[in-house]
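Q:
Numbering (the working numbering), first residue to last: 481 to 624.
#1: Quick test of your reading: residue 537 and residue 509, contact by CB under 8 Å. State the CB separation rounded to the nearest angstrom.
#2: DSSP on residue 498, reduced to helix/strand/coil?
#3: Which residues mark the beginning and the end of the beta strand (DSSP E) in which residue 521 is found?
#4: Could you compute how far the alpha carbon of residue 533 sits from the alpha carbon of residue 575?
#5: Report yes if the C-beta distance between residue 551 and residue 504 is below 8 Å; otherwise report no.
#6: Can you look up residue 559 in the DSSP assignment and give me helix, strand or coil?
#7: How would you call residue 481, buried or exposed, if buried means at least 16 neighbouring beta carbons within 10 angstroms?
#8: Using three-state DSSP, classify residue 485 as helix, strand or coil.
#9: For residue 539, does the three-state DSSP call read helix, strand or coil?
#10: How many whole angstroms separate the CB atoms of residue 486 and residue 606, which I take to be in contact at a CB cut-off of 8 Å?
#11: For the alpha helix (DSSP H) that residue 601 lies in, which residues bound it at each end?
#12: For residue 603, count neighbouring Cβ atoms within 10 angstroms of its own Cβ and tell me buried if that reaches 16, exposed if not.
#13: DSSP three-state label for residue 588, please.
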């Protein structure tokens, strides 16, 4: 089995942090600080509408000069490219290169079930041998 067949569901981060699009950028900054995270999935109700990163906050602080009533929807990346749990690691790597995004929400039935990042891929692809990766994942993939 090659990396082109291994689904992101085996490596995605399943603990997803979300914030409502109407929240202030100060709320997002506090969340980033308290949870020691670098991105939040932005929801409108229970629908994914965007993604916000620490970089977005820094940029907004410079552009909006610390205005108090700027909401997340004003600075988020709207309509993020999403993938499914069965998307292969190789497909995700190609998407990251092509689209210049470092994180992709993983959706199943229009619900966020995970997140895969460029950092995740670096760790996965740095494993010395593909055979080692298959050995580790063999039982989960039904390979004996």
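No residue lacks a Cβ here, since even glycine has one placed at the ideal position from N, Cα and C.
A: The answer reads as follows:
#1: In the chain shown, counting from the first residue as 1, residue 537 sits at position 57. In the chain shown, counting from the first residue as 1, residue 509 sits at position 29. Approximately 6 Å separates the beta-carbon atoms of residue 537 and residue 509; this is inside 8 Å, confirming the contact.
#2: Position 18 of the chain shown holds residue 498. Of the three classes helix, strand and coil, the one that applies to residue 498 here is strand, per DSSP.
#3: Counting from 1 along the chain shown, the entry for residue 521 is found at position 41. Here the beta strand (DSSP E) through residue 521 covers 519-524.
#4: In the chain shown, counting from the first residue as 1, residue 533 sits at position 53. In the chain shown, counting from the first residue as 1, residue 575 sits at position 95. One C-alpha to the other measures close to 19 Å.
#5: Taking the first residue of the chain shown as position 1, residue 551 is located at position 71. Taking the first residue of the chain shown as position 1, residue 504 is located at position 24. Against a cut-off of 8 Å, the Cβ pair of residue 504 and residue 551 comes out as a contact.
#6: On the chain shown, position 79 is the one that residue 559 refers to. Three-state result, residue 559: coil.
#7: Walking along the chain shown from the start, residue 481 turns up at place 1. Unreliable positioning characterises residue 481 in this predicted model, as indicated by a pLDDT of 49, which lies under 50. The coordinate reading is nonetheless provided below. Taking a 10 Å sphere around the C-beta of residue 481, we find fewer than 16 other C-beta atoms and assign the residue as exposed.
#8: For this step, residue 485 is matched to residue 5 along the chain shown. The three-state reading of DSSP puts residue 485 in coil, since its state is none of H, G, I, E or B.
#9: As a position in the chain shown, residue 539 is number 59, starting the count at 1. Under the three-state reduction of DSSP output, residue 539 falls in the helix class.
#10: In the chain shown, residue 486 corresponds to position 6, counting from 1. In the chain shown, residue 606 corresponds to position 126, counting from 1. About 14 Å separates the two Cβ atoms, so there is no contact after all.
#11: The residue you call residue 601 lines up with position 121 of the chain shown. That run of the alpha helix (DSSP H) goes 598-605.
#12: Counted from its first residue, the chain shown places residue 603 at position 123. Classification of residue 603: exposed, given that the 10 Å Cβ count is below 16.
#13: By one-based count along the chain shown, residue 588 stands at place 108. Residue 588 falls in the strand class under three-state DSSP.
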